[in-house]
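Asker: A single structure is presented below for examination.
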Amino acid sequence: MRVRFAPSPTGYLHVGGARTALFNWLFARHHGGAFVLRVEDTDVARNRPEYVNAIYEGLRWLGLEWDEGPDRGGPYAPYLQSLRAQRHREVAQALHERGAAYECFCSQRPADDNEDEDEAQQLPAVAPARAEGPKQAAGAPRTVCECRTLDAGRLAALREERAPALRLRVPPGRDFVVDDLVRGRVTFPGVMVEDFVLVTGDGRALYNLAAAVDDHDMAISHVIRGEEHLANTPKQQLIYEAMGWQPPHFAHLPIILNQQRRKLSKRDGATSLNEYAAMGYVPDAVVNFLALLGWSPGDNREILSRDDLIRLFDLGGVVKHPAIFDTAKLNWMNREYIKARPAAELARRMRELLAQRPADGETAGPARDDAYIEKVAELFHDRVRTVVEVFELGSYFFTDEPVVPAPEALAKYCAGREAVERLREVRSALAGTAAFDAATVEKVIRDLAAERGCKASDYIHPLRVAVTGQAVSPGIFQVLAILGKERVLRRIDALVHLLDARPAARTTVP
RNA sequence: GCCCCCAUCGUCUAGUGGCCUAGGAUACCGCCCUUUCAAGGCGGGGACAGGGAUUCGAAUUCCCUUGGGGGUACCA
C-alpha cells in the first residue's frame with residue numbers, strides 16, 4: 005500500500021495539514037506501506053520555496069518520516085510536482101488525441117465577483133464561457149461552450165488567434181459516484197461536473213490533472229486527504245477513466261474547525277506547527293492529540309503512544325463530522341506527556357527554548373547552569389502544561405533582581421502591618437543559617453513559628469510574596485533552596501523596604 | 001444561488017435496533033489532602049437539534065425542517 009501527503013508550499017505546515025499527514029503516515033505504518041511526500045508547487049503565483057523547508061521541519065518535528073520525497077528521492081522521482089510538468093503535458097496530449105479532451109478558446113471566466121478573490125484578467129471573449137440568461141429551470145449549471153464541437157476549419161482559424169486551454173470532455177448523461185472509505189458512496193449529479201480545464205492557455209497543468217497523473221505514476225493506492233477535495237474526486241476519476249488507469253481508493257478526512265466553527269485561519273491564534281513547538285508543546289503529545297481529532301480507536305483510551313496509534317489506526321475509525329480544535333484538551337494532554345517523562349527531559353526542553361531566546365537579563369546568571377535548570381524543572385514538571393509555562397510561572401527563578409510583587413499577592417498576604425514584622429523575623433532567622441537546603445530552611449521557619457506561637461504559614465505567605473512576587477508557587481522551602489540565601493535575603497529586604505514606604509493608612513486588617 | 005457532506009454533554013468522542021434512566025476524556029463546580037497553586041483521591045451538574053415515519057422496541061433505519069461545514073477557478 006502506498007499513500008502520499010501532498011502539501012502545496014504556500015505557508016507553514018498548519019494543524020490541518022499536519023493531521024492529514026499524520027493519518028497518512030499512520031495508515032502507511034499500520035499496513036507496512038510507503039508514505040510518500042510530494043510537494044505540489046505548481047501554482048507559481050502562491051508558492052514560496054522557503055516553505056518547502058518549513059514543511060520538512062514540521063513533519064520532522066512531529067516525527068513523521070517519509071519514505072520517498074523531494075529531498076530523499078525514491079523509485080518514482082521526481083517528487084516536486086513542478087519537475088513533472090513534461091509528464092503532465094504528455095498525458096494531456098494523450099487525452100486530447102483520444103478525444104477525451106478538447107481545445108477551448110474561451111476567455112477566462114471572470115472569477116466570482118466575490119470580495120477577496122483576486123480578479124482574473126479578462127481576455128476578449130471568443131465565445132461566452134458561461135451560458136448567460138435566466139436560471140435554467142431544471143438547474144443545469146453545467147457550462148458547455150461551443151469549443152466542444154468546433155469543426156476543423158474553425159479550429160484552425162482559432163488556433164491562429166490564440167493558444168487554447170485544454171478541457172476534459174465530461175461524458176454527459178450520467179452521475180458520478182465516489183466510493184469514499186470514510187463516507188461511503190457519494191453521488192454527484194452529472195450536470196454538476198463541467199468540462200474542467202486540464203491545461204491552461206500557457207501550458208500549465210492544473211491541479212486535477214497533475215494530481216491524478218502523479219498519483220497514478222507514483223502507484224498511490226490510497227488517497228487520504230481533506231474533505232475540501234471531495235468535490236474534485238469525480239474529476240480525477242474521469243481522468244483515470246479516460247486514460248484507462250486503475251484509480252486509487254479515496255478517503256476524505258473531516259475538516260478541523262476553530263472555536264467559531266470555521267475553517268482554521270491565521271486569526272485563530274496558533275495554527276502552524278512551529279508555533280506549537282515554540283510554545284513548548286511536545287511532539288508526542290501533539291501527535292496523540294491530532295490522532296484523536298477525527299479518529300477514535302473505539303474504546304476509552306486517550307493516551308496513546310506512537311506504537312499504539314500505528315497498531316490501532318484504521319480508516320474505519322475516522323469520523324465524518326468536522327472537529328473543533330480544542331486547546332484546553334491539548335494542554336491537558338501535553339501535561340500528561342511532560343509528567344510521564346522524567347524532569348530531566350523537561351530541563352532539556354527548557355534549555356532548548358532558552359537557547360532560542362535573546363540573552364537578556366531575564367535569562368542571566370544561574371539560568372545558564374544545567375544543574376540549576378534541572379532543579380527548577382523538578383519543581384514544575386508536574387504542574388505545567390507547556391514548557392514555556394515554566395518560564396512564566398517561575399519567572400522569579402530567571403532573574404537576579406528583586407521581583408516586583410503582584411498587587412493581588414500584596415493585598416492577600418501583606419496587607420497588615422504584621423507582615424513586615426514577620427518578614428523581618430524570618431529574614432534574621434534565615435540569615436543565621438549557613439546551610440540553605442530545603443530541609444534546613446523548613447526547620448528554621450517551623451522552629452521560628454513554634455517559638456513565636458503562630459502558624460508556619462504566617463511566615464510562609466509573606467515570604468512567598470517576597471521571593472516570588474506571587475501568591476502562588478511550588479513548595480516554598482524548595483523554592484528558597486534553589487534561589488539561594490543571597491537572593492532570598494535581598495528579596496526580603498526589598499519587600500520590607502517597599503512595605504515600610506507605603507502609606508500608613510491601612511495598618512490594621514479586620 | 002446550486003451541489004455535496006455532516007449533526008450525541010461547552011469541546012473531543014463511544015455507541016452500528018433492545019445491554020442506554022446514553023459510557024469515557026477534557027473543561028467547569030464541590031469535598032479531601034495542604035504553606036499557596038497545582039498534582040492526586042472522591043463526588044457533582046452537563047448531550048442523542050426539531051418533527052414525522054418504520055418497528056413490539058429507536059441515539060441507532062427512512063423522510064422533511066433547521067443548523068453547521070465543504071465545494072462551486074485557466075488555485076491547490
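Residues in the first sequence are numbered consecutively from 5, following the working numbering.
Glycine included, C-beta positions come from ideal geometry on N, C-alpha and C.
1) Starting from the C-beta of V380, find all residues in its chain whose C-beta is less than 7 Å away, skip the five residues before and the five after it, and write them out in chain order.
2) State the DSSP-derived secondary structure class of H385, mapped to helix, strand or coil.
3) Secondary structure at A29, three-state DSSP: helix, strand or coil?
4) For C151, does the three-state DSSP call read helix, strand or coil?
5) For E107, write down the residues that DSSP places opposite it in a beta bridge.
6) Quick check on DSSP: helix, strand or coil for S86?
7) Leaving aside the five residues before and after F254 along the sequence, list all residues of the same chain whose C-beta is less than 7 Å from its C-beta, in chain order.
8) Would you call A199 buried or exposed, if buried means 16 or more other Cβ atoms sit within 10 Å of its Cβ?
9) Take every Cβ of the region 202–215, pair it with every Cβ of the region 82–96, and state whether three or more of those distances are shorter than 8 Å.
10) If we call anything under 8 Å between Cβ atoms a contact, is L277 one with P326?
11) Can you name the residues that DSSP bridges to W299?
12) Looking at the strands, I want to know which residues DSSP matches up with K267.
13) Can you pull the DSSP bridge partners for A215?
14) Would you report the Cα separation of F4 and S269, rounded to the nearest angstrom?
15) Measure the C-alpha to C-alpha separation of G62 and Y16 and round it to an integer number of angstroms.
16) Since I believe K343 is in contact with H385 (beta carbons under 8 Å), could you give me their beta-carbon distance rounded to a whole number of angstroms?
17) Which residues does DSSP list as the beta-bridge partners of L327?
18) On the DSSP bridge assignment, give the partners of T191 in chain order.
19) What is the DSSP secondary structure of A160, reduced to helix, strand or coil?
20) Measuring CB to CB, does R93 end up less than 8 Å from G207?
Answerer: Here's the rundown:
1) V394, G398, F401, I486
2) coil
3) For clarity, residue 29 is Trp in the given sequence; the question names Ala instead. Looking at W29 - three-state DSSP - the assignment turns out to be helix.
4) helix
5) L170
6) helix
7) V182, D184, L185, V227, T237
8) Per the sequence presented here, residue 199 reads as Asp, with Ala not at that position. The residue is buried, with at least 16 neighbouring Cβ atoms inside 10 Å.
9) yes
10) no
11) V322
12) L261
13) According to DSSP, which records beta bridges pairwise, A215 is partnered with nothing at all.
14) Outside the shown range of the chain (5 to 514) lies residue 4, about which nothing can therefore be said.
15) 8 Å
16) 7 Å
17) Note on identity: in this sequence residue 327 is Ala, with Leu being the wrong assignment. Answer is I260.
18) V181
19) helix
20) yes
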